[in-house]
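Chemist: Quick mapping for you: the protein sequence lines, in order, are chains A and B.
Going by this note's numbering, the first sequence opens with residue 1, and the numbers climb by one from there.
Going by this note's numbering, the second sequence opens with residue 1001, and the numbers climb by one from there.
C-beta atoms are modelled at their ideal positions from N, C-alpha and C, and glycine is treated no differently.
Just passing along the structure, written as structure tokens.
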Amino acid sequence: MIRIAIFGFGAVGKGVAKILMDRERMNRLIGNYSVVAVADSKGSIVSSSVNLKEALKIKEKNGRLPDGMNVIEIIEEVDFDVALELTPTNIDTGEPGLTHIKKCLKKGANVITSNKGPLVVAYKELSKLAERSGVKLLFEATVGGAMPVIKLIKRDIAGNRIRSIKGILNGTCNYILSRMEKERLSYRMILAEAKELGIVEANESYDVEGIDSAAKLVILANSLMDMDVSLKDVEIEGITEITPEAFEIALEKGYTIRLISEVSEDVLRVSPRLIPLNNPLCVHGTLNAILIKADLAGEIFVIGRGAGSLETASAVISDLAELYSC
Amino acid sequence: MAVVTLVVELKDKPGQLAKVIEPVSKYRGNIISIVHKREKRTPTGSIPVEISIEIDEKSIGKLVENIRSQGVVVKSYNEVRLTSTTSVMLIGHIIHTDLATTIDAVDRTGFAEVVEMHISMPYLEKPSTAMMTISATGEKKLKVALDRLKEVCMKKKITVIEPLELEE
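Here it is as structure tokens:
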């Protein structure tokens, strides 16, 4: 019996809960399991088998879980095998996720996270801690949403040396740029449209100034290319200066513009780039895409949805399967 | 790497071409094409042969010397062509920050030139947008030229949008 604790009950947490309610699908994947705790920032439900349907109903109705143990208390007092750390990202401090993950790893529980913050702030420390404790820290959901990236490189093309990774890692920026390309409207107008659609974070600069992309790039560099870099090492340029005419002139020459995150031996950079129209990275809408160059496999290209409740949950579930696949 | 075209005059008998090909291989050149111009046979009966070679720029002089030392007449070899080309986009106050000095940043390198530029400036006082095409004598030189351009543009607060790959 796998005992699962869920920390964070926002879009991703709820998405994961919905998939875990699908017993038929999950039993076939990982065998027997039960959720022993669900917590958000305000409250929690702890039981030998939490009724997820009920938890979702309460969250829906009250906007929060009922008063109960906080996450720290749960980690200290409740037994579980794996924690799903799905709390909101803070890329400056990594908290509260960083403390949660450290405590879980120290007590010998596996951790699966969708939270970029802790990995951006302390990847090396956390991966060493996991190794010392003999447990796993998996984080497929932190980069590229539903797109397979981390396990694809770590497992599916294991043995390769990764020469470079170039990707579109922020769906909001890609939406704005592909709309500017099509409509030739100003950046401000398309941003307003994106806000109406609800695909821009409350703090828009996090997306449009390239910080979110840079955070993901740091995770890729550290976890897949054996680097030891932090956010301040990334050369970052956002998309706010791009004019509608830029697309007109670029298209005449057979290019469009996309925000590209790039890592290679001597490059660690997020910046708008001219992309040939026939290049696979020329994707539209909120899609994410990633082009990997490896020494043995050559070029590998992945495209998919970089955000969304079920999409991100899909990556969390794939990490569960990685740990417990039967 | 650069591409150079040599025109040599070879006697019309066996073994002549080898006198050219062996030095090319010695200096790690890659032969792209060989054209015998039989219709342009010289009064002495030699045949002009045009050979295009991809080779490290630094080795061109030695190669020509070596071919001549085999007794082969090297009629001409062209200046090193600009072999690498890329496009970059500039956004900002391109004209009012003295466009000439921006272009000079590339041209003054001596190994790269701005060969084309397309500027759009739809509104007074608003940033303009330009697509600049730069050619250089090789890919590494192209990168150096691009770095110089970026330095100048950073000082002028002009955004530079680089291509995904230097050469497609």
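Measuring CB to CB, does Thr87(A) end up less than 8 Å from Gly167(A)?
Modeler: Taking the first sequence and counting its residues from 1, one reaches residue 87(A) at position 87. Taking the first sequence and counting its residues from 1, one reaches residue 167(A) at position 167. Contact flag unset, no.
Chemist: List the residues of chain A that His1118(B) touches, going by C-beta distances under 9 Å, in chain order.
Modeler: One-based indexing of the second sequence puts residue 1118(B) at position 118. Within chain A, the residues near His1118(B) are Ile249, Glu252 and Lys253.
Chemist: For Asn32(A), does the count of other Cβ atoms within 10 angstroms reach 16, so buried, or fall short, so exposed?
Modeler: In the first sequence, residue 32(A) corresponds to position 32, counting from 1. Asn32(A) should be labelled exposed.
Chemist: Closest to Ala321(A) by CA distance: which of Phe139(A), Asn174(A), Pro244(A) and Ile292(A) is it?
Modeler: Counting from 1 along the first sequence, the entry for residue 321(A) is found at position 321. Ala321(A) has its Cα closest to that of Phe139(A), out of Phe139(A), Asn174(A), Pro244(A) and Ile292(A).
Chemist: Output yes if chain A places a C-beta closer than 8 Å to the C-beta of Leu1164(B); else output no.
Modeler: Translated into positions along the second sequence, residue 1164(B) becomes position 164. Leu1164(B) counts as touching chain A.
Chemist: When you compare the segment 1121-1134 of chain B with the segment 197-208 of chain A, are there three or more beta-carbon pairs, one atom per stretch, that lie closer than 8 Å?
Modeler: No, they do not touch.
Chemist: Can at least three beta-carbon pairs, one atom from the segment 151-159 of chain A and one from the segment 1010-1021 of chain B, be found at a separation below 8 Å?
Modeler: Segments in contact, no.
Chemist: Given this structure, state the Cα-to-Cα distance separating Ile275(A) from Leu259(A), to the nearest angstrom.
Modeler: The residue you call residue 275(A) lines up with position 275 of the first sequence. The residue you call residue 259(A) lines up with position 259 of the first sequence. So the alpha carbons of these two residues sit roughly 10 Å apart.
Chemist: Is the CB of Asn170(A) under 8 Å away from at least one CB in chain B?
Modeler: As a working note, residue 170(A) is residue 170 in the first sequence. Answer no: the Cβ-Cβ gap between Asn170(A) and chain B never drops below 8 Å.
Chemist: How many angstroms separate the CA atom of Tyr206(A) from the CA atom of Lys61(A)?
Modeler: Counting from one through the first sequence, the residue named residue 206(A) turns up at place 206. Counting from one through the first sequence, the residue named residue 61(A) turns up at place 61. Straight-line Cα distance between these residues: approximately 30 Å.
Chemist: Taking any Cβ of chain A, which residues in the segment 1081-1099 of chain B have a Cβ under 8 Å from it, in chain order?
Modeler: Those residues of the segment 1081-1099 of chain B that come within reach of chain A (Cβ to Cβ, closer than 8 Å) are Ser1087, Val1088, Met1089, Ile1091 and Gly1092.
Chemist: Please report the straight-line C-alpha distance between Ile239(A) and Cys173(A), rounded to a whole angstrom.
Modeler: By 1-based counting over the first sequence, the position of residue 239(A) is 239. By 1-based counting over the first sequence, the position of residue 173(A) is 173. When rounded, the distance between both Cα atoms is 7 Å.
Chemist: Quick one: what does DSSP say Thr93(A) is sitting in, helix, strand or coil?
Modeler: Position 93 of the first sequence, counted from the first residue, corresponds to residue 93(A). Three-state DSSP puts Thr93(A) in coil, outside helix and strand.
Chemist: Are Leu1149(B) and Val1106(B) closer than 8 Å when you measure CB to CB?
Modeler: Against the second sequence, residue 1149(B) aligns to sequence position 149. Against the second sequence, residue 1106(B) aligns to sequence position 106. Yes, the Cβ-Cβ distance between Leu1149(B) and Val1106(B) is below 8 Å.
Chemist: What are the residues in the segment 256-287 of chain A lying within 8 Å of chain B by C-beta distance?
Modeler: Correct list: Ile257, Ile260, Ser271, Pro272, Arg273, Leu274, Ile275, Pro276, Asn279 and Leu281.
Chemist: Specify the secondary structure class of Thr1086(B) as computed by DSSP and reduced to three states.
Modeler: If you number the second sequence from 1, residue 1086(B) lands on position 86. Thr1086(B): strand per DSSP, three-state reduction.
Chemist: If we cut at 8 Å on Cβ distances, does Glu181(A) have a partner in chain B?
Modeler: For the purposes of this step, residue 181(A) is taken as residue 181 along the first sequence, with counting starting at 1. Not closer than 8 Å to any Cβ of chain B, the Cβ of Glu181(A) fails to qualify, so no.
Chemist: Quick check on this structure: which residue in Val1004(B), Pro1163(B), Lys1156(B) and Ser1033(B) has the alpha carbon closest to the alpha carbon of Ile1095(B)?
Modeler: Residue numbering aside, residue 1095(B) sits at position 95 when the second sequence is read from its first letter. Looking at the Cα atoms, Lys1156(B) is the closest of the given residues.
Chemist: What does DSSP give as the partner residue(s) for Ile1031(B) in the beta ladder?
Modeler: Along the second sequence, read from residue 1 onward, the residue named residue 1031(B) stands at position 31. Partner(s): Ile1053(B).
Chemist: Could you tell me the distance, in whole angstroms, from the CA atom of Thr99(A) to the CA atom of Leu126(A)?
Modeler: The residue labelled residue 99(A) in the question sits at position 99 within the first sequence. The residue labelled residue 126(A) in the question sits at position 126 within the first sequence. One C-alpha to the other measures close to 10 Å.
Chemist: Can you tell me whether Ser1059(B) is buried or exposed? The criterion is at least 16 other CB atoms within 10 Å of its CB, across all chains shown.
Modeler: Taking the second sequence and counting its residues from 1, the one referred to as residue 1059(B) is at position 59. Per the 10 Å Cβ criterion, buried.
Chemist: When the Cα of Glu196(A) is compared with those of Cys104(A), Asp233(A) and Ile176(A), which residue comes out closest?
Modeler: Walking along the first sequence from the start, residue 196(A) turns up at place 196. Closest option to Glu196(A), Cα to Cα, is Ile176(A).
Chemist: If you run the structure through DSSP and keep just helix, strand and coil, what is Phe301(A)?
Modeler: Against the first sequence, residue 301(A) aligns to sequence position 301. Here Phe301(A) sits in strand by DSSP.
Chemist: Taking only the alpha-carbon atoms, compute the straight-line gap between Asp79(A) and Val135(A) and give it to the nearest angstrom.
Modeler: The sequence position of residue 79(A) within the first sequence is 79, counting from 1. The sequence position of residue 135(A) within the first sequence is 135, counting from 1. Their Cα atoms are separated by approximately 15 Å.
Chemist: Answer yes or no: does any C-beta atom of chain B fall closer than 8 Å to that of Thr113(A)?
Modeler: As a working mapping, residue 113(A) is identified with position 113 in the first sequence. Not closer than 8 Å to any Cβ of chain B, the Cβ of Thr113(A) fails to qualify, so no.
Chemist: Which bits of chain A does Pro1122(B) rub up against, with CB to CB less than 8 Å?
Modeler: Counting from one through the second sequence, the residue named residue 1122(B) turns up at place 122. Simply Glu245.
Chemist: Start and end of the alpha helix (DSSP H) containing Lys128(A)?
Modeler: Looking up residue 128(A) in the first sequence gives position 128. Segment Lys116 to Ser133, the alpha helix (DSSP H) holding Lys128(A).
Chemist: Can you name the start and end residues of the beta strand (DSSP E) that Ala39(A) belongs to?
Modeler: Here residue 39(A) refers to the residue found at position 39 when the first sequence is read from its first residue. Element bounds for Ala39(A): Tyr33 to Ala39.
Chemist: Against chain B, with Cβ distances strictly below 8 Å, would Lys293(A) count as a contact?
Modeler: As a position in the first sequence, residue 293(A) is number 293, starting the count at 1. Not closer than 8 Å to any Cβ of chain B, the Cβ of Lys293(A) fails to qualify, so no.
Chemist: Looking at the secondary structure, which residues open and close the alpha helix (DSSP H) in which Gly1110(B) lies?
Modeler: Sequence index remark: in the second sequence, residue 1110(B) carries index 110 (1-based). No alpha helix (DSSP H) holds Gly1110(B); DSSP gives it neither H nor E.
Chemist: Closer than 8 Å, CB to CB, is Ile239(A) near chain B or not?
Modeler: Counted from its first residue, the first sequence places residue 239(A) at position 239. No, no contact with chain B.
Chemist: Going along chain B in order, which residues have a C-beta closer than 8 Å to the C-beta of Lys166(A)?
Modeler: Numbered from 1 along the first sequence, position 166 holds the residue referred to as residue 166(A). Those are Leu1164, listed as they occur along chain B.
Chemist: Roughly how many angstroms lie between the CA atoms of Val966(B) and Lys1075(B), to the nearest whole one?
Modeler: It is not possible to answer for residue 966(B), since the shown part of chain B is limited to 1001 through 1168.
Chemist: Taking C-beta pairs closer than 8 Å, name the residues in chain B that Ile303(A) reaches, listed in chain order.
Modeler: Against the first sequence, residue 303(A) aligns to sequence position 303. Simply none; closest approach about 16 Å.
Chemist: Against Met1131(B), what residues of chain A qualify as contacts under a CB-to-CB distance less than 8 Å, listed in chain order?
Modeler: What you label residue 1131(B) is simply residue 131 of the second sequence in a count that begins at 1. In chain order: Ile249, Ala250, Glu252 and Lys253.
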